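Numbering (the UniProt record's numbering), first residue to last: 1 to 661.
Note that CB positions come from ideal geometry on N, CA and C, so glycine has one too.
Keep in mind it's a predicted model, so treat the numbers as computed, not measured.
Step one of this worksheet: look at the structure below.
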């Protein structure tokens, strides 16, 4: 009798072998990704607290209805701040705690208050906001308008005789909509409304603080003013002539005098500075989300055996198939780049906030363009990468127990919130065209970091790089290609404004942003030797190079369109991109033995991943089986639906069948 092979036992063997194959020091790379050993230890300690607290148990989450999910979310919020007090967590600790959770808690209110409120308003509310003595939401999007903030319909009319603003929703479409935490949680909100001065002058959107619920009984107190002075409660996020004190305007930069004169802000876009904070965080968040997708898919592909029988008599590990690892290894590269890029961007936004507080507006426009383009790029590629990871795992990837379905569903809206992607594309291109039209061959321009690619158009002796045998091993070559692509696309749009092409803005925005990111990747590569030991630096350098090459591959249409990817006459019957594609394949093959080590370096625990297929020990089938046992329907043998529905159906069918005999 032949011995029966047990694939589930092989899983752990395969995972252990993969870990022993990696040449990198996982701890060193983990510290690098987590901004140092000290921060990693803080993250590790916080995850330890959260993952062992019964309230943060995720096992029943897939089976909960909307009401149960809401109650669990509110309990988690309360417990999180209890833990902050118990463990004396700092604000940085709370940032880490929120970053390792996947519960979608409301976080937009506090940054806007901090950035836009006057010192007087902060002195009254900042402690309440920070300690959750009040709970807030950010009321911007309306039923009829979202990305076009200038066309929001809600009004805030200043009444000098009473020193108040009257908040009003004049139409159905002015109803505030899609506002997280508004319905049942928030006591206060920051509302974006058109400022109307005495005489009816419209000053455009501004921010105001408004109370929504009482702090005692938690009842709605959105008030309607009437001639008799009576007030009534409404249950709708529409405002019917609601009065708020003048001091509730977030007027750190723009305000109104007691008599109704407008105090002009130092920059027209000051009220949008809160969006820069949210968009900068999206880059880092996208990096860690892609990292989760990469970790789960790489671990599963490492232990999943399917198809051909190898020399050891076992089916091949699916990660060994080039058609699969060529899809999931690049996810590692994007995660590594976005994590580091996001950290640098967050620092820039923090520096901007400090500058704004002292009156320095010089970086505001630049940061708006940078964060707009990056928001589009990371949300678009993040959505694609999570779906790639999920599909790479076959049928099990579509199970809720893979963990990726929830990640994908939670992240898909990122293409729309904080600025719809195709709308933001237009803003990025408008800024690029403005810079392009300001170029002059007679004077050296002062190009910003997001416009450096345009320098290639100023030097008449400058030319795109030429392909040679070593081209795809050199990061500089890929960076130059991406910069030239961006420059030519912007130049093309500027020269064809009379007959615009509908997709040009999207292509140009992507090209401009990818050129910017490529430049930053070049800087990251340069800094690796100082950040890591030689072996780890060499491996991560390949990861960054892979990012650059797959970015070039995704832009081949534009590169060919502008002759940046030259093909000689002798190559007309051959694939001119073969060298690039082989270079990508070689990098994926080189990184394959490091894949488990590189993904382990993200530092995710099983609690954080919440994925049977991404189990650290590789025992994915045991984990799937265990999760299936937690399904409430499996608690009984005979479902209650038997008596109400299944039995009548069976009896009817049996009766009809018998009648036909």
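Q.
Given a cut-off of 7 Å on the beta-carbon distance, is the pair residue 294 and residue 554 in contact?
A. In terms of Cβ geometry, residue 294 and residue 554 do not form a close pair [threshold 7 Å].
Q. Between which two residues does the beta strand (DSSP E) containing residue 205 stretch?
A. Element bounds for residue 205: 202-211.
Q: My understanding is that residue 514 touches residue 345, with C-beta atoms under 8 Å, so please give their C-beta distance in whole angstroms.
A: Between the beta-carbon of residue 514 and that of residue 345 there is about 15 Å, and that puts the pair past the 8 Å contact cut.
Q: Taking only the alpha-carbon atoms, compute the straight-line gap between residue 419 and residue 627 and give it to the nearest angstrom.
A: Distance between the alpha carbons of residue 419 and residue 627 is about 38 Å.
Q) So, residue 165 versus residue 137, is the Cβ gap smaller than 7 Å? A) For residue 165 and residue 137, no; Cβs fall outside 7 Å.
Q: Express the C-alpha separation of residue 13 and residue 604 in angstroms, rounding to a whole number.
A: Whole-angstrom Cα-Cα distance: 21 Å.
(Q) With the cut-off set at 7 Å, would you say residue 411 and residue 382 are in Cβ contact? (A) Contact flag set, yes.
(Q) Alpha carbons only, please: which of 646, 632, 625, 601 is nearest the one belonging to residue 32? (A) Nearest option by C-alpha distance: 601.
Q. By a C-beta neighbour count over all protein chains shown, 10 Å radius and 16 as the cutoff for buried, is residue 534 buried or exposed?
A. Only exposed fits residue 534, as fewer than 16 other CB atoms lie within 10 angstroms of its CB.
Q: Could you check which residue in 586, 215, 613, 462 has the C-alpha nearest to that of residue 325?
A: Out of 586, 215, 613, 462, 586 has the C-alpha closest to the C-alpha of residue 325.
**Q.** residue 187 vs residue 213 beta-carbon contact at 7 Å
**A.** Judged by beta-carbon spacing, residue 213 lies within the 7 Å limit of residue 187, meaning their Cβ atoms are closer than that value.
Q) Below 7 Å between beta carbons: does that hold for residue 157 and residue 169? A) Against a cut-off of 7 Å, the Cβ pair of residue 169 and residue 157 comes out as no contact.
Q. Beta carbon of residue 485, beta carbon of residue 511: below 7 Å?
A. Result yes, Cβ atoms of residue 485 and residue 511 sit closer than 7 Å.
Q.
Can you tell me which residues form a DSSP beta bridge with residue 249?
A. Answer by DSSP bridge pairing, in chain order: 208.
Q. How is the beta strand (DSSP E) around residue 193 delimited, first residue to last?
A. Judged by DSSP secondary structure, residue 193 falls within the beta strand (DSSP E) whose first and last residues are 188-196.
Q: Counting only the same chain and skipping the five closest in sequence on each side, list residues whose C-beta sits under 8 Å from that of residue 471.
A: Cβ contact annotation for residue 471 (same chain, cutoff 8 Å, sequence separation greater than five): 465, 477, 579, in chain order.
Q. Could you give the residue range of the alpha helix (DSSP H) that holds residue 340?
A. For residue 340, the enclosing alpha helix (DSSP H) has its first and last residue at 322-357.
Q: Report buried or exposed for residue 647, applying the criterion of at least 16 other Cβ atoms within 10 angstroms of its Cβ.
A: Residue 647 is exposed by the Cβ-count criterion.
Q.
Please determine whether the Cβ atom of residue 151 lies at a distance below 6 Å from any heavy atom of the ligand NAP.
A. Among the components modelled here there is no ligand, and therefore nothing to report on the ligand NAP.
Q. How many Å lie between residue 11 and residue 20 at the Cα?
A. If you take the alpha carbons of residue 11 and residue 20, they lie about 14 Å apart.
Q: Counting only the same chain and skipping the five closest in sequence on each side, list residues whose C-beta sits under 8 Å from that of residue 403.
A: If we look at residue 403 and ignore the five residues flanking it on each side, its Cβ neighbours are 292, 296, 609, 610, 611, 612, 613, 614.
Q.
If you reduce the DSSP assignment to three classes, tell me which class residue 30 lands in.
A. If DSSP states are grouped into helix, strand and coil, residue 30 belongs with the helices.
Q) Going by DSSP, what residues sit across from residue 263 in a beta bridge? A) The partner list for residue 263 (beta bridge, DSSP) reads 255.
**Q.** Reduced DSSP category for residue 162 - H, G, I as helix; E, B as strand; rest coil
**A.** Coil, per DSSP.
(Q) Taking the straight line between their C-alpha atoms, what separation do you get for residue 209 and residue 190? (A) Their backbone Cα atoms lie some 5 Å apart in a straight line.
Q. Roughly how many angstroms lie between the CA atoms of residue 635 and residue 620, to the nearest whole one?
A. The straight-line gap from Cα to Cα measures roughly 22 Å.
Q.
Is it buried or exposed, residue 131, if we count other Cβ atoms within 10 angstroms and call 16 or more buried?
A. Under this definition residue 131 is an exposed residue.
(Q) Taking contact to mean 3 or more Cβ pairs, one atom from each stretch, closer than 8 Å, check whether the stretch 251-258 and the stretch 82-90 are in contact. (A) No, the stretch 251-258 is not in contact with the stretch 82-90.
Q.
Count Cβ pairs between the stretch 312-320 and the stretch 239-248 that sit closer than 8 Å; are there 3 or more?
A. Result no; under three Cβ-Cβ pairs closer than 8 Å.
(Q) I'd like the span of the beta strand (DSSP E) that includes residue 139, first residue to last. (A) Segment 136-139, the beta strand (DSSP E) holding residue 139.
Q | Per-residue DSSP class, three states only, for residue 220 | A | Here residue 220 carries a strand assignment [DSSP, helix/strand/coil].
Q: Closer than 8 Å by C-beta to residue 221: which residues in its own chain qualify, once you throw out the five before and the five after it? Chain order, please.
A: Spatial neighbours of residue 221 in its own chain (CB-CB distance under 8 Å, excluding positions within 5 residues in sequence) are listed in chain order as 211, 212, 213, 214, 233.
Q. Which class does residue 449 belong to by DSSP, given the choice of helix, strand or coil?
A. Three-state DSSP puts residue 449 in coil, outside helix and strand.
Q) From what residue to what residue does the beta strand (DSSP E) around residue 555 run? A) Secondary structure note for residue 555: it is in no beta strand (DSSP E), with a DSSP letter that is neither H nor E.
Q: Flag this pair as yes or no: are the beta carbons of residue 143 and residue 175 separated by less than 7 Å?
A: The criterion of a C-beta distance shorter than 7 Å is satisfied by residue 143 and residue 175.
(Q) Once DSSP output is grouped into helix, strand and coil, what is the label at residue 525? (A) Here residue 525 sits in helix by DSSP.
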